[in-house]
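S.K.: So in this note's numbering, spot 166 of the sequence shown is number 168, and the numbers just go up one at a time. C-beta: ideal position from N, C-alpha, C; glycine also. Structure in structure tokens, see below.
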Amino acid sequence: MNSQKEKKLAYRFYFDNLFTSFNLLHYFRDLGYGGTGTIRENRIPKDCILSEKRTLGKGYARGHHESVISRDDGILVAKWVDNGVVAIASNCHGTEPVRCVKRWSHKDRKTVLVPRPALVAEYNQFMGVTDRMDEIVSMQRIGISNKKCYWSILTCLIDFSIHNAWYLRNKSGNKQTQLEIRRGLVCTYLSNFGVPGRGPGRPISKKTISIGEQSDRRPSI
């Protein structure tokens, strides 16, 4: 992050309303990076005066949008009416150009054109990759349970790393399924580090007889 060479790279980050805040967008802008994300109502500053969510949802047609730029941070906040009201903030995108997208209208029972601001279009384009990643990871997610609070974070990072490796490999032309990638990783670790030893538990009794030995024995008369 501190390298001048990295600061010149035109990176742009996209995230959902769990992470989006004006402090985060301001931080990215100071580093030279763009950031866009949906934002929760209680995180919008008071100087950004926009219509309330209920008012927009009931009083305006689909495709209506409002926007304002924060005086303190210079960050743009917009609200757009689709099936619901979407609030989104950005330090690098604006509302123009406004282009139409196709949406199904239950009222008219046909496909209609709905105006959509530019920052919403950019967000949908790049967040779609993240949503797709969540879908793919869920198909082969690590299923080992543990009561430790950090365990889910650790397994999630491993799952994301495997997904990224799978995506880059397929993009390079070496087509493989995610399951094949996971099997290859497991085989590589087992061949390099061996099979893990037996964990703590009940010791094996010396009197235990294998199935083969038991079948060879004849009952005494």
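(1) When DSSP labels each residue in this structure, what does Tyr169 get in the three-state scheme?
(2) I'd like the list of long-range same chain contacts for Phe128, defined as Cβ closer than 7 Å, with 5 residues on each side in sequence excluded.
(3) Could you tell me how far apart the beta carbons of Lys146 and Asp161 are, in whole angstroms, since I believe they sit closer than 8 Å?
(4) If contact is defined by three or more beta carbon pairs under 8 Å, each pair taking one atom from either stretch, is the region 86-100 in contact with the region 110-120?
(5) Rounded to whole angstroms, what's the CA-CA distance from Asp84 to Glu43? Just pull it up for me.
(6) Using 8 Å as the threshold, is the C-beta distance between Phe24 and Gly39 below it?
(7) Does the beta-carbon of Ser193 have 16 or more other beta-carbons within 10 angstroms, so that it is buried, or is it exposed?
(8) Run through the DSSP bridge pairs and tell me what Lys104 is partnered with.
(9) If you scan the region 17-50 from start to end, which runs of the alpha helix (DSSP H) of 4 or more residues do you find wholly inside it?
(10) Count the other C-beta atoms from every protein chain shown that fall within 10 angstroms of the C-beta of Asp32, then say buried if there are 16 or more, exposed otherwise.
(11) Ends of the alpha helix (DSSP H) at Glu182?
(12) Shortest alpha-carbon distance to Ile46 belongs to which of Glu124, Val70 and Phe30?
(13) Can you check whether the CB of Arg171 is closer than 8 Å to the CB of Ile155?
(14) Are the CB atoms of Arg105 and Val114 within a distance shorter than 8 Å?
(15) For Gly37, which of Ala167, Ala91, Asn176 and Tyr152 has the nearest alpha-carbon?
(16) Would Leu187 and Ile164 be called neighbours here (beta carbons separated by less than 8 Å)?
(17) According to DSSP, is Ile90 helix, strand or coil?
M.R.: Put simply:
(1) When secondary structure is reduced to three states using DSSP, Tyr169 falls in the helix class.
(2) For Phe128, same chain residues with a beta-carbon under 7 Å away, outside a window of 5 residues either side, are Tyr16 in chain order.
(3) Contrary to the premise, residue 146 reads as Ile rather than Lys in this sequence. Your pair Ile146 and Asp161 does not check out as a contact, with CB atoms roughly 12 Å apart and the cut at 8 Å.
(4) Yes: the two stretches touch, three or more of their Cβ pairs being nearer than 8 Å.
(5) Cα to Cα, the separation comes out at about 17 Å.
(6) No; because the gap between Cβ atoms is not below 8 Å, this pair is not in contact.
(7) Burial call: exposed.
(8) Paired residue(s): Leu115.
(9) Runs found: 24-33.
(10) So Asp32 counts as exposed.
(11) That run of the alpha helix (DSSP H) goes Gln180 to Phe195.
(12) Of the candidates Glu124, Val70 and Phe30, Val70 places its Cα closest to the Cα of Ile46.
(13) Going by C-beta atoms, Ile155 is not nearer than 8 Å to Arg171.
(14) Taking 8 Å as the Cβ cut-off, Val114 and Arg105 qualify as a contacting pair.
(15) The residue from Ala167, Ala91, Asn176 and Tyr152 with its alpha-carbon nearest to that of Gly37 is Ala91.
(16) Taking 8 Å as the cut-off, the Cβ atoms of Leu187 and Ile164 count as close.
(17) If DSSP states are grouped into helix, strand and coil, Ile90 belongs with the strands.
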